[in-house]
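Protein chains in written order, with our numbering: chain U, 494 to 635; chain Y, 5 to 190; chain A, 602 to 1261. Backbone N, C-alpha and C define an ideal beta-carbon position, used for all residues, glycine too. The block underneath contains the structure these notes are about, expressed in structure tokens.
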Amino acid sequence: MTRALALLALIAAMLAVPVAAQDQLPPAPYAYRQLEDPAQEQKAQDLMETLRCLKCQSQSIADSDASMAGDMRNQVRLRIKAGEEPEAIRAWLVERYGEYVSYKPELTTLTWPLFAAPLVLLLLALLLLRKRFIRRLPEGEE
Amino acid sequence: MSGTEKKPGKRWAIWLPLVLFGVFFVLVMNGLVRPANRDIESAMVGKMLPEFTLPAGVDERPGLATDDFRQGEVRLLNVFASWCVPCAAEAPQLDELARAGVPIDGVAIRDRTQDIARFLARYGNPFATIGKDDISEVQLGIGSSGVPETFVIDGTGTIRYQHIGPIMERDVQIILSEVKKAQTPL
Amino acid sequence: MIAEAGLALLWFAAALALLQLFASVMTLVGGQSEAEMGGVVRPAAIMQGPLVALSFLMLMWLFIRTDLSVLLVASNSHSAKPFIFKLAGTWGNHEGSMLLWVTVMAMSGSLVALVERRLPERTMIATLAAQAFVSLGFYAFLLFSSNPFERLATPVPEGNGLNPLLQDIGLAFHPPTLYIGYVGLSVAFSFAVGALLTREVGPAFARAMRPWVLGSWIFLTIGITAGSYWAYYELGWGGWWFWDPVENASLMPWLAATALLHSASVLASRDALRTWTIMLGVVAFSMSMVGTFLVRSGILTSVHAFAVDPERGSFILALLAIYIGGALALFGARASTVNEGKQFSLVSREAGLVFNNVALSAILGIVLLGTLYPLLTEAFDTKVSVGPPYFNPVGAIFALPMIVVMAIGPLLRWRRDSFDRIAKVLILPAVLTAGVIVGAVVLAPGIGLLPLLGLALSIGLGIASLLPLLGRNLLRTPLATWGMVLGHFGLAVALFGMASESAFSTERLVAAEIGDTVEVGPWSIELVGIDPVAGPNWTALEANINARYEGGDPISLHPQSRNFTQPPMTTSESALSTRWNGQLYAVVGEEGLDGRWQLRLWWKPFVPLIWIGGLIVALGGALALLGRLLGDMRKAHQVRRIAQRREDNPLHGAAPEPAE
């Protein structure tokens, strides 16, 4: 029984090989092209490194060859070129895909513990270590 | 020497690691029991379609623009591509929806005219209009993260419902009821 | 027959682990004398290592022969794969890598039973009981839910092949080193549990545990360094760390082991931080197990994931609950009866090490929280992503002060010291740090705050880390001191590489025609041609690039766009040119409709220092380990000599103990 199941799994795995699900279109204009202005390109690059590729497992759109990531890069560069601020573009994407699309968590009612954590850890350390230290060692110790 | 030995105390702190592990356990247990929904839902449901105009994807159907969705009629917006295998799988269900009288508009993602034509010839053409979206502009605009996806748009151009992945037989009724719901404006 | 024999060996080893557990528990609680049952414990532990290793070799043999009647081989290998990837493919899948895990675990169990004779026998038996208990869980996992030797009813004609991204020499190095590190920590875990059971926590315990922690830590360091470099050149975008869940899963045990290493040295030298060291001993291996769980359960999405199965996830989660939950409960019940040990002044070597421990633990907490947070919000039906914009600055809150303390701490004396004594030697690194900050702000005003602080502190730390050698006879400096100096220096080197990569990298994306020349940083790159090439199981389009550094002699580079057929997949094989001051990174993409080729080029100043630094850190660890082992051997020799003398002169029974 187990073997039959295993064989089925194997066949399924063979079938699951992606059937060339790849589009034939050339990449969008700014998917693999940098902006002419280096300062703008830097802004775009910094932003793209913090946006999540929605088709990939866990990659930013700046590190992905997925065509949708290319289209998102194109979108980001075009908007930067048109003078939009990076954070406005991030907000535009978050409006469409939710917080998931941004690797930079915003402070919300659901994410505040992330930002409170360093403080809590610091306080915890102080609390635990309070009595570990001594101001003065008694004379003649050791 | 024993003068500086610290006496045991602060028992609560000793249990802190176990408590934290308990929290971790509950968290991942929950994650295992209800496996995370891998779909990325659009945050645009309930909002207006963005402005767009797409050229025709094939000769025998017109392209589409946002205005086409503001004519007081509930329509389906189907994001598809000829290179997408599940899109072929949902073709019969799209046909069924079209026969039920729901107008369907297609947005072909990163596709070539000849490929779309071949795809339609093979799997049928339930679409009223087909727009060609070469840079995923509309897809990004409506918060769609893959193909195929189907959106129910009400008569004012508001996105009312999103279906992610191919429409299977069991989904047809759900979509029809969402279409019905969308007939009463928000 | 080989598959069946391999499986039989595993069952046999599991039975021995059961015997080991039974005998040691009987000895500990059953009132059995140590001579009766205790005598079984060590041999049972020692035999498991070779048995499981043999089983692992058999799986390797099946992969080398591409035995397609074995399910695992059929689903993960292919007859046309180059030999090295058949070999390394043994652990390029879930079952094989779990067998590697169990092999390392059994081997460390054997080794510890074989060589560790310093601890009281009762504590040793408790330690081996813990080791057997943990091993049993992983044997069960392997045998019941991840059997690597499963046969197919009918052999298939050809295998499925290995993920092309894994078909790289990195697969031969990264997983084995990482696993030795991960699982080596199980020994520290068992020591901690054993010490809690017998309540024998003191310098002797720390000294016995330290080499094991150090050994695992060295391999972890190498494994993470190798993994980072592998991802850097293989994924084709020049990124070397993305705070991906799988990357974090390997970093967390390293952070815990680093903290443990330092607190164990306080315990060994000064008999302080007893409970804390015990807890870290439990936490370090717990982090290995948590990491394995996160990677294999598919509960988090990762770019590096290779074996995702929720059912196996439940099995590992059950193991986590038993081992981590059990050990932490034992810790809660017993730790309050363990004395904390001695106190110390706020300015002292101990205080520096405590600060380091706090910072490392805090970073560990941040990484764990950030990694798990998406899971937490998922429970509230919201998806969030936590990535570099969170981990970098929040981690830096603790990492930057830690680096400052790293520079100062090793110069301080144990117990109590004053800053006045060491202020003079610290002037140079302090001035240089400030100088770099000012210089960078003036010369390169665009660079971010974190890279700026990273650059400055790496210079300061790099110099300060060498100061403990000041005024010493270098030949007589203990190896352990050399190890510490190198370890800290290596971290400064790596930090410099990271900050420099982040601050000074330049990127060019172009569509180039044959014959075009492109500038990137100080390099000019000429695309000479594109040629088809064929490998053993792939075909590729290979770019022929002439790269000139500041107009010098051309260096020929050959990035490829590779097409694998088994399984079908296209990968970008980057081409690198390394100089003393950085690395050129070239990738060739697709051909456009206009006949131009996509080129992606990066000039990354000093980026190799990241991994060179990592290796220096590991080398420092190796020196420290060597120093400790030599010291232990010398002491053992001394003890033997004294015992010998006692035997020779039974009247002089009161021979002095060897000095510590």
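In this structure the stretch 730-739 of chain A does not touch the stretch 810-823 of chain A; the number of beta carbon pairs closer than 8 Å is below three.
If you draw a straight line from the Cα of L1142 (chain A) to the Cα of V705 (chain A), it is about 40 Å long. By the Cβ test, the stretch 604-623 of chain A is not in contact with the stretch 174-188 of chain Y, since fewer than three Cβ pairs between them sit closer than 8 Å.
Counting only runs of at least 4 residues, the stretch 574-630 of chain U fully encloses the following alpha helix (DSSP H) elements, listed from N- to C-terminal order: 579-590 and 605-622. Secondary structure note for V1134 (chain A): its beta strand (DSSP E) is the uninterrupted segment W1124 to A1135. For K1205 (chain A), the secondary structure class from DSSP, reduced to helix, strand or coil, is strand. Neighbours of M33 (chain Y) in chain A, taken as residues whose beta carbon is under 8 Å from its own, are L918 in chain order.
Chain-ordered, the chain A residues with CB closer than 7 Å to the CB of L36 (chain Y) read S898, I900, P911, G914, S915 and L918. In the structure shown, the three-state DSSP call for W1198 (chain A) is strand.
At a cut-off of 8 Å between beta carbons, W87 (chain Y) makes no contact with chain A. In the structure shown, T799 (chain A) falls within a helical segment according to DSSP collapsed to helix, strand and coil. Within the stretch 558-581 of chain U, the residues whose Cβ lies closer than 8 Å to any Cβ of chain Y are, in chain order, S560, M561, D564, M565, N567 and Q568. Y1150 (chain A): not part of any alpha helix (DSSP H); member of the beta strand (DSSP E) spanning W1139 to Y1150, first to last residue. One thing to note: G169 (chain Y) has its Cβ within 8 Å of the Cβ of P152 (chain Y).
In this structure R545 (chain U) is buried. Its beta-carbon is surrounded by 16 or more other beta-carbon atoms within 10 angstroms.
Straight through space, the alpha carbons of A1135 (chain A) and I1146 (chain A) are spaced by roughly 18 Å. In the three-state reduction of the DSSP assignment, Q118 (chain Y) falls in the helix class, which pools H, G and I.
Here Y833 (chain A) carries a helix assignment [DSSP, helix/strand/coil]. In this structure, Y596 (chain U) and P990 (chain A) form a Cβ contact; the two beta carbons are roughly 6 Å apart against a cut-off of 8 Å. Within the DSSP bridge table, the entry for Y165 (chain Y) names Y:V156 as partners. The stretch 675-685 of chain A and the stretch 742-761 of chain A touch, with no fewer than 3 CB-CB distances between them shorter than 8 Å.
By the neighbour-count criterion, in which 16 or more other beta carbons inside 10 Å mark a residue as buried, D558 (chain U) falls on the buried side. For R526 (chain U), a Cβ of chain A is located within less than 8 Å of the residue's own Cβ. Taking 8 Å as the cut-off between beta carbons, the residues of the stretch 547-558 of chain U near chain A are C549, Q550, S551, Q552, S553, A555, D556, S557 and D558, in sequence order. Counting along the chain, no beta strand (DSSP E) covers R897 (chain A); the unbroken alpha helix (DSSP H) around it starts and ends at R875 to S898. Against chain U, the CB of L24 (chain Y) has no partner CB under 8 Å away; the residue lies outside that interface. Annotation for E1191 (chain A): the continuous beta strand (DSSP E) segment containing it runs G1183 to E1192.
In this structure, G128 (chain Y) sits near D99 (chain Y), with a CB-CB distance shorter than 8 Å. Following the DSSP letters along the chain, one finds A1113 (chain A) inside the beta strand (DSSP E) bounded by residues T1107 to A1113. L753 (chain A) carries a coil assignment under DSSP once its states are collapsed to helix, strand and coil. Using a Cβ-Cβ cut-off of 8 Å, L518 (chain U) counts as an interface residue toward chain Y, since at least one Cβ of chain Y sits closer than that to its own.
The closest CA to that of F25 (chain Y), considering only A:A980, A:L969 and A:I1023, is found on A:L969.
Between the C-alpha atoms of A1081 (chain A) and S1019 (chain A) there is a straight-line separation of about 24 Å. In the three-state scheme derived from DSSP, where H, G and I count as helix and E and B as strand, S747 (chain A) is classed as coil. In terms of Cα proximity to A1093 (chain A), the closest of A:F992, A:G1221, A:W1139 and A:N993 is A:G1221.
Secondary-structure assignment with DSSP links P1169 (chain A) through a beta bridge to A:T1166.
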